[in-house]
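Notes for the one structure printed next.
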Amino acid sequence: MELLENIPLAPLTTIRIGGAAKYFVDAHSIEEVQQAVASSRSRELPLFVLGGGSNLLVSDRGWPGLVLRIAIPGIEQSSRHDEHGRIIFDVGAGESWDRFVSRAVMAHCAGVECLSGIPGSVGGTPVQNVGAYGQEVSETIESVQVLDLKDGQLRELCREACGFGYRSSIFNGSERGRFIVLRVRYALTPEGKPCSRYADLQRHFAGRETQPNLAETREAVRHIRALKGMLIVPGDADCFSAGSFFKNPVLTLEQHQDLERRAASRGLAVPSYPALQTHMKVSAAWLVERSGFAKGHGDGRVGISSKHALAIVNRGEATAVEVLALKDQIQHRVEAIWGVHLEMEPVMVGF
Ligand code: NAP
Numbered sequence: 004m005e006l007l008e009n010i011p012l013a014p015l016t017t018i019r020i021g022g023a024a025k026y027f028v029d030a031h032s033i034e035e036v037q038q039a040v041a042s043s044r045s046r047e048l049p050l051f052v053l054g055g056g057s058n059l060l061v062s063d064r065g066w067p068g069l070v071l072r073i074a075i076p077g078i079e080q081s082s083r084h085d086e087h088g089r090i091i092f093d094v095g096a097g098e099s100w101d102r103f104v105s106r107a108v109m110a111h112c113a114g115v116e117c118l119s120g121i122p123g124s125v126g127g128t129p130v131q132n133v134g135a136y137g138q139e140v141s142e143t144i145e146s147v148q149v150l151d152l153k154d155g156q157l158r159e160l161c162r163e164a165c166g167f168g169y170r171s172s173i174f175n176g177s178e179r180g181r182f183i184v185l186r187v188r189y190a191l192t193p194e195g196k197p198c199s200r201y202a203d204l205q206r207h208f209a210g211r212e213t214q215p216n217l218a219e220t221r222e223a224v225r226h227i228r229a230l231k232g233m234l235i236v237p238g239d240a241d242c243f244s245a246g247s248f249f250k251n252p253v254l255t256l257e258q259h260q261d262l263e264r265r266a267a268s269r270g271l272a273v274p275s276y277p278a279l280q281t282h283m284k285v286s287a288a289w290l291v292e293r294s295g296f297a298k299g300h301g302d303g304r305v306g307i308s309s310k311h312a313l314a315i316v317n318r319g320e321a322t323a324v325e326v327l328a329l330k331d332q333i334q335h336r337v338e339a340i341w342g343v344h345l346e347m348e349p350v351m352v353g354f
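All the letters of the sequence shown, read from the start, carry residue numbers 4 to 354 under this note's numbering.
Following this line, the structure appears as structure tokens:
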């Protein structure tokens, strides 16, 4: 295990913002993760666990302790099937998520094809129960191998133990900071049909007579994401973001009625979908755009993506302070006009 000093964190994040880590370790194995944790404890250094850096806002001051980047590799396709005939893929937390999706699709296994093109690493996916276009990883995760920082034990948590909800789990909820994700096991359906429930995908395939296959669905999702600036494409200035900056709000029926009244008084209808049986999920992008923050908003170093109102972009040399100033402006205006509080999605580090 190599302990590095004063490593800039901005290049390790997709938004390219943030100061340096005082100490830094790239851990390629479970043993190296254990050594790094022991080292942070013996030196009394605060520990931050870094994955793909795609959902982070690091402070301009950086991180005063040890940043441990999980770089555990490996995609193993098991010959074992679970009781539903699904194939198990055992994947290192440091693997690129999209590389795994590509492998799964090439192996004609369904379950993650709509999650194509999501930046970041495999280890981050159970944390926020990553989802898009009608799929979320909780539907395919069989178990998660973790290091429990409470007692230093390695554990295998089954899906039920992960407490998955909408973009949530015990890892970002009740047990935040307790576990380091080391490997994830996904159970995928061989020769399964792709999911194409969402309007964006249906529009993409409109007019076709045959059902799209898994590979075509993967390409369609990547194409749709690229149009929204949500695919990392070298040279595209809209890519320097932390993805969606706000969560799609899940409202009680009462809150939703209030929002509908406000929209109706402006002659508008809010895009909404039933959620959690008694709630309604609304489009955060719609709220942002209808609050005066159009695509391409802002003429400084920080602004809104020209392709998607939910992405705050670094147009070059931006600071975390500037990003937070725009975030505050958006939150205040959305709340004033629509009565809805938008929750920030990226994790804040070192503030
Ligand atoms: P979008 O597709 O415009 O969707 C906006 C909102 O409408 C989301 O809450 C979405 O629910 C909901 N929605 C749209 N079609 C729906 C349908 N047919 N049934 C039920 N709900 C529907 O959003 P976007 O910002 O362009 O993002 C594209 C996809 O990537 C979305 O699925 C979004 O949730 C996902 N995404 C996920 C993460 C993450 O996992 N952290 C981050 C960014 C974006 P859902 O959220 O349930 O899809």
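Glycine included, each C-beta is placed from N, C-alpha and C at the ideal position.
No experiment lies behind these values; they were computed from the predicted model shown.
When you compare the CB positions of residue 345 and residue 290, do they come within less than 9 Å of one another, or not? By 1-based counting over the sequence shown, the position of residue 345 is 342. By 1-based counting over the sequence shown, the position of residue 290 is 287. Yes, Cβ-Cβ distance for residue 345 and residue 290 is below 9 Å.
With residue 235 as the anchor, note down where its alpha helix (DSSP H) starts and where it stops. Translated into the one-based positions of the sequence shown, residue 235 becomes position 232. Segment: none, residue 235 is in no alpha helix (DSSP H) and carries neither H nor E.
Contacts around residue 74, its chain only, beta-carbon distance under 8 Å, and the 5 residues preceding and following it disregarded: On the sequence shown, residue 74 is found 71 positions in, with the first residue counted as 1. Here residue 74 has 29, 30, 31 and 97 as same chain residues with Cβ atoms under 8 Å from its own Cβ, once five neighbours each way along the sequence are excluded.
Residue 298: beta carbon under 8 Å from a heavy atom of the ligand NAP? On the sequence shown, residue 298 is found 295 positions in, with the first residue counted as 1. No, since every heavy atom of the ligand NAP falls outside the 8 Å radius drawn around the Cβ of residue 298.
Segment limits, alpha helix (DSSP H) that includes residue 105: Translated into the one-based positions of the sequence shown, residue 105 becomes position 102. Segment 100-109, the alpha helix (DSSP H) holding residue 105.
Starting from residue 73 and walking both ways along the beta strand (DSSP E), at which residues does that stretch end? The residue given as residue 73 occupies position 70 in the sequence shown. Start and end: 66-73.
Helix or strand or just coil, what does DSSP make of residue 84? Position 81 of the sequence shown, counted from the start, is the residue given in the question as residue 84. In this structure, residue 84 counts as strand in the three-state DSSP scheme.
Starting from residue 39, follow the alpha helix (DSSP H) in both directions and report where the run begins and ends. Along the sequence shown, read from residue 1 onward, the residue named residue 39 stands at position 36. In the DSSP annotation of this structure, the continuous segment of the alpha helix (DSSP H) that includes residue 39 starts and ends at 33-45.
When the Cα of residue 106 is compared with those of 8, 64 and 217, which residue comes out closest? As a working mapping, residue 106 is identified with position 103 in the sequence shown. When each option's Cα is compared against that of residue 106, the closest is 217.
Would you call the CB atoms of residue 147 and residue 186 closer than 9 Å? Residue numbering aside, residue 147 sits at position 144 when the sequence shown is read from its first letter. Residue numbering aside, residue 186 sits at position 183 when the sequence shown is read from its first letter. Going by C-beta atoms, residue 147 is nearer than 9 Å to residue 186.
Going straight from the alpha carbon of residue 113 to that of residue 142, what length do you get? Translated into positions along the sequence shown, residue 113 becomes position 110. Translated into positions along the sequence shown, residue 142 becomes position 139. Approximately 11 Å, taken between the alpha carbons.
Verify whether the separation of the beta carbon atoms of residue 188 and residue 103 is less than 9 Å. Start at 1 with the first residue of the sequence shown, and residue 188 comes out as number 185. Start at 1 with the first residue of the sequence shown, and residue 103 comes out as number 100. Cβ distance not < 9 Å, so residue 188 and residue 103 don't count as in contact.
Just mark residue 264 as buried or exposed, buried being the case when its beta carbon has 16 or more other beta carbons within 10 Å. Translated into the one-based positions of the sequence shown, residue 264 becomes position 261. Classification of residue 264: exposed, given that the 10 Å Cβ count is below 16.
Residue 134 versus residue 231 - alpha carbon distance: Within the sequence shown, residue 134 is the residue found at index 131, counting from 1. Within the sequence shown, residue 231 is the residue found at index 228, counting from 1. Distance between the alpha carbons of residue 134 and residue 231 is about 16 Å.
Return helix, strand or coil for residue 96, following the three-state DSSP convention. Counted from its first residue, the sequence shown places residue 96 at position 93. Of the three classes helix, strand and coil, the one that applies to residue 96 here is coil, per DSSP.
Do residue 246 and residue 129 have their C-beta atoms closer together than 9 Å? On the sequence shown, position 243 is the one that residue 246 refers to. On the sequence shown, position 126 is the one that residue 129 refers to. Not a contact, by the Cβ cut-off of 9 Å.
In this structure, does DSSP put residue 300 in helix, strand or coil? As a working note, residue 300 is residue 297 in the sequence shown. Coil, per DSSP.
List in chain order: all unbroken alpha helix (DSSP H) runs of 4+ residues lying wholly within the segment 149-213. 202-207
Return yes when the Cβ of residue 202 is within less than 9 Å of the Cβ of residue 316, no when it is not. For the purposes of this step, residue 316 is taken as residue 313 along the sequence shown, with counting starting at 1. For the purposes of this step, residue 202 is taken as residue 199 along the sequence shown, with counting starting at 1. No; because the gap between Cβ atoms is not below 9 Å, this pair is not in contact.
Hey, residue 253 and residue 300: beta-carbon distance below 9 Å or not? As a first step, residue 253 must be located in the sequence shown, where it is residue number 250. As a first step, residue 300 must be located in the sequence shown, where it is residue number 297. Taking the C-beta atoms as reference points, residue 300 is found no nearer than 9 Å to residue 253.
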